[in-house]
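The sequence shown begins at 1 in full-length UniProt numbering and counts up by one. The structure appears right after this line, and notes come after that.
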Amino acid sequence: MRNKEHYALKQRHMSLTPREHEVLTLAISGMLNKQIAAELGVSEITVKVHRRRVMEKMQVRSVAELVRAVERLTNSQPAE
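This is how it looks when you write it as structure tokens:
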């Protein structure tokens, strides 16, 4: 991944709130909204709102794209 792309992806990831990070982590682990809601002690609607915001901020349209974006962040370093 090129430096510019890596930096932009990292900035988008860093823009997430702590709760959005929690929802992101649980969502990419394969949990359903209902399961995430139970885990976090919030309503399913609240989880849906957080997931929508995560998807918007990370500029992805599916959970599969979200997983790939997080993998790119964790498995790559910016080129020197």
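We put the beta carbon where it would ideally sit given N, CA and C, even for glycine.
The beta carbons of Val54 and Leu16 sit about 6 Å from each other, so the pair counts as a contact at 8 Å.
CA-CA distance, Lys10 to Val63, rounds to 18 Å.
In the structure shown, the three-state DSSP call for Gln35 is helix.
Looking at Glu22, Glu65, Asn3, the one whose alpha-carbon comes closest to that of His50 is Glu22. Where Arg61 is concerned, there is no enclosing alpha helix (DSSP H), because DSSP gives it neither an H nor an E.
Comparing alpha carbon positions, the residue from Ala69, Glu20, Glu44, Asn3 closest to Lys34 is Glu44.
DSSP places Val42 outside both helix and strand once states are collapsed to three, so it counts as coil.
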